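Undergrad: Below is the structure I would like to discuss, written out as structure tokens.
Number of protein chains: 2
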Amino acid sequence: MSAGGEFDYIARRLAPLSAGWPGAAGLKDDGALITPAPGYELAVTADTLVAGVHFLADEDPAVTAGRALRVNLSDLAAMGAQARAYMLAIVWPKDASDGLREGFADGLEREQAHFGVHLIGGDTTSGPGPWTISVTAFGEVPAGRAVRRSGARDGDLAVVTGTIGDAWLGLQAELKARPALDAAHERFVQERFTRPEPRLALAEALREHARAAIDVSDGLIADLSHIARASGLGVRMELDRIPLSPAAEAWLAAQADPLRARMQLASGGDDYELAMAVAPGALDALTAGSGGAPLTVIGRFEAGPPDASVTWRGEPAPVEHGGFTHF
Amino acid sequence: MSAGGEFDYIARRLAPLSAGWPGAAGLKDDGALITPAPGYELAVTADTLVAGVHFLADEDPAVTAGRALRVNLSDLAAMGAQARAYMLAIVWPKDASDGLREGFADGLEREQAHFGVHLIGGDTTSGPGPWTISVTAFGEVPAGRAVRRSGARDGDLAVVTGTIGDAWLGLQAELKARPALDAAHERFVQERFTRPEPRLALAEALREHARAAIDVSDGLIADLSHIARASGLGVRMELDRIPLSPAAEAWLAAQADPLRARMQLASGGDDYELAMAVAPGALDALTAGSGGAPLTVIGRFEAGPPDASVTWRGEPAPVEHGGFTHF
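If you read the sequences in order, they're chains A and B.
Using the working numbering, read the first sequence as starting at 621 and increasing by one per residue.
Using the working numbering, read the second sequence as starting at 621 and increasing by one per residue.
This is how it looks when you write it as structure tokens:
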């Protein structure tokens, strides 16, 4: 691309995404300015996506843009924060087409409008490796009220929003591993994988009524284990109670080994639902404040060694692979 | 590496780097919390380094860690901010050795202590491409007092700290392009390339006495042009006045084409000095507050088309390549 390509792309496609944030200085400065409202703190989180590792390299770049934002906003949701702004660090592949760049900017434009967030800065470069997108997202949370992983207590319920395992099925469908799904169910799980919906609407109820939270990115079992470990507790999960979509139920019904299949759904990751520790007496209030998000109790945090145990039909079930790790 | 490798590395090497920042929650949470002191704003900046593009792939990883921090802290310095914290997003190469990971953590540990900053969060993953390090750095600046690129006015002096072109010579030495330098000069320019010193000590004087600033990363001519463009002005630079180190002077004396050689030094980038627009009447106060950093007037901002012009011995000199662009 021409020597002016980088500056031109920033000026033409990225700078307009910062127009709503005066402290971004039109992306023309060394950095941006951000200040939380009085009485608030900033919640900050970062997630990196690498083509071929975290998403398929031939994915629509507008969808990739959405995923890059959504996985970060989901972390803010798990802290009980309201999303405000993001920084973007891109390493383009050497052979990046104009279509890739334009589609990516189209996606950012659409998605940031949907979530009401603003691009405030970052860095673009290119390299010999795969396309790499690193987003740092900023949210606001009332001072001292952020929901952390470490707040669970003995006897708290393990609660999860929505349904679990759809994104894993969606990834299998994208990989052409062809789970036995009809066309409508396949579209549903692919959408769950490609456009996860961060549970930002729960932020206030979470701050008021949950003791700990995490977003389900590594896999439900792994992520509940993270809460347990951070809180110095154990967690017992009942595989029977994990909420499944009609698509996942249909897939499950066709599997020869229902325990193994359920374990796959509970370990697959990328659902971006919220998993929480909730005092038994606070569940009704959390439900009332959840804005209609389905909540399911799937287990309990208990004093004991900081570990996860899983049961299926009342019997202990071995956890082979609790979730995703990168190396 | 084993399935536990990622979590183990974070717990063993990265989490201790967050110990001084309670809002980082030991890197065990979805995100970190950060709040500027009352009356202050946060300045935020991000820079990505790719092995083989921004640094040599066989560089000591502790040096790479330092560079990743320093180039970001330099952006904070250019805004007149005090550095406080950073987020780190790493994509390890598939074949990353334990030595690479440990050396990188050693470097971060040493460098963050030197600059008094804290690791507060981020993301680690791995991929098939080169090692990629993206840092987002946070600083504090009194509300409304950040120094921006857009503040220059007609008649302001173009002022630069330190000496220019050393890092470019250092890169040539690293690339074994063997500039004609004796051993001591070669060590000096290599050090300037590998361990740039962000001009954080100037932050207060910059806020008080400079109208606009940028750090010299793309090349002095390009970076002064960025100030000029952001301020809607032109800038005239005198190549004769660009401050050179004894090493650069020695190299220059051996070059057949002194104009071309000076142009190379003024276009090379990576010096991480500060280039500023300073009202003529404020230069003495800026000098007095600079903590001993050498300041040199090398030109002037003027009303006119937002562009850069360069003279050499009083004659216009053509700018072939004003600085670095990534694609």
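Glycine is no exception: its CB is placed at the ideal position from the N, C-alpha and C atoms.
Only a predicted model underlies this, so the values are computations on that prediction, with no experimental measurement involved.
Counting C-beta neighbours from all protein chains within 10 Å, is the total for E731(A) 16 or more, i.e. buried, or is it exposed?
TA: buried
Undergrad: Could you confirm whether any beta carbon from chain A is found closer than 8 Å to the beta carbon of T684(B)?
TA: no
Undergrad: Say whether chain B places a C-beta atom closer than 8 Å to the C-beta of A895(A).
TA: No Cβ of chain B is located within less than 8 Å of the beta carbon of A895(A).
Undergrad: Measuring straight from C-alpha to C-alpha, what distance separates G901(B) and L708(B)?
TA: 41 Å
Undergrad: Cα separation between F944(A) and G741(B)?
TA: Because the pLDDT at F944(A) is just 44, under 50, the model does not fix this residue reliably, and the value given afterwards should be weighed accordingly. Straight-line Cα distance between these residues: approximately 19 Å.
Undergrad: Mind checking D718(A): buried by the 16 CB within 10 Å criterion, or exposed?
TA: exposed
Undergrad: Can you look up D715(B) in the DSSP assignment and give me helix, strand or coil?
TA: coil
Undergrad: Establish whether the CB of H946(B) and some CB of chain A are separated by less than 8 Å.
TA: Its pLDDT being 36, under 50, H946(B) is placed unreliably in this model, and the value from its coordinates should be taken loosely. Interface residue, yes.
Undergrad: Under a three-way DSSP split, which group does S746(B) fall into?
TA: strand
Undergrad: Could you tell me whether any Cβ in chain A is nearer than 8 Å to the Cβ of P938(B)?
TA: no
Undergrad: Distance, Cα to Cα, L662(A) vs R769(A)?
TA: 17 Å
Undergrad: If you reduce the DSSP assignment to three classes, tell me which class W932(B) lands in.
TA: The answer is strand: DSSP assigns W932(B) an E or B state.
Undergrad: Do the segment 679-699 of chain B and the segment 677-686 of chain A meet, that is, are 3 or more Cβ pairs less than 8 Å apart?
TA: Segments in contact, no.
Undergrad: So, is L859(A) buried or exposed, given that buried needs 16 or more other C-beta atoms within 10 angstroms?
TA: buried
Undergrad: Would you mind giving the Cβ-Cβ distance between L864(A) and I784(A), rounded to the nearest angstrom? I have them listed as a contact below 8 Å.
TA: Contact holds; Cβ gap of about 7 Å.
Undergrad: On the CB-based measure, 16 or more other CB atoms within 10 Å of its CB, does S622(A) come out buried or exposed?
TA: At S622(A) the pLDDT is 39, less than 50, meaning the model places this residue with poor confidence; the figure from the coordinates comes in the next sentence. That one is exposed.
Undergrad: I'd like to know if M699(A) contacts chain B, where contact means its C-beta is closer than 8 Å to some C-beta of that chain.
TA: yes
Undergrad: So which residues of chain A does I654(B) contact, with C-beta pairs closer than 8 Å?
TA: E661, L662 and V664
Undergrad: Using a 10 Å radius around the Cβ and a threshold of 16 neighbouring Cβ atoms, would you call A797(B) buried or exposed?
TA: exposed
Undergrad: Residues in the segment 634-650 of chain B with C-beta within 9 Å of chain A's C-beta atoms, listed in sequence order?
TA: G643, A645, G646, K648, D649 and D650
Undergrad: Suppose the cutoff is 6 Å on Cβ atoms and the five residues either side in sequence are ignored; what does the same chain contact list for D891(A) look like?
TA: I784, A787 and V836
Undergrad: Can you list the residues of chain B that P750(A) reaches, using a CB-CB cut of under 7 Å?
TA: G747, P748 and G749
Undergrad: According to DSSP, simplified to helix, strand and coil, what is H738(B)?
TA: strand
Undergrad: I need the DSSP call for Q884(A), collapsed to helix, strand or coil.
TA: helix
Undergrad: Leaving out five residues before and five after F808(B) in sequence, what residues of the same chain have Cβ atoms less than 6 Å from its Cβ?
TA: A867
Undergrad: Alpha carbon to alpha carbon, what distance is there between T744(B) and E794(B)?
TA: 29 Å
Undergrad: Is the beta carbon of R856(B) less than 8 Å from the beta carbon of R920(B)?
TA: Yes.
Undergrad: Tell me the rounded alpha-carbon separation between L885(B) and I862(B).
TA: 9 Å
Undergrad: Using a Cβ-Cβ cut-off of 7 Å (strictly less than) and excluding sequence neighbours within five positions of L879(B), which residues of its own chain qualify?
TA: W932 and A937
Undergrad: Go ahead and pull the three-state DSSP assignment for H946(A).
TA: Low per-residue confidence applies at H946(A): pLDDT is 36, beneath 50, and the placement is therefore not dependable enough to give any value.
Undergrad: Can you tell me whether DSSP reads D904(A) as helix, strand or coil?
TA: helix
Undergrad: Run through chain B and tell me which residues come within less than 7 Å of M707(A), C-beta to C-beta.
TA: V664, A666 and T756
Undergrad: Using DSSP with H/G/I as helix, E/B as strand and the rest coil, what is D650(A)?
TA: coil
Undergrad: Taking just the CA atoms, how far does E869(A) sit from T655(A)?
TA: Cα to Cα, the separation comes out at about 46 Å.
Undergrad: Which whole-angstrom value describes the C-beta separation of A800(A) and A897(A), a residue pair presumed to lie in contact below a C-beta threshold of 8 Å?
TA: The pair is not a contact, with the Cβ atoms about 35 Å apart (cut-off 8 Å).
Undergrad: Thinking C-beta only, is L894(A) closer than 8 Å to T569(A)?
TA: Residue numbering for chain A in the displayed model covers 621 to 947; residue 569(A) lies beyond these limits and cannot be assessed.
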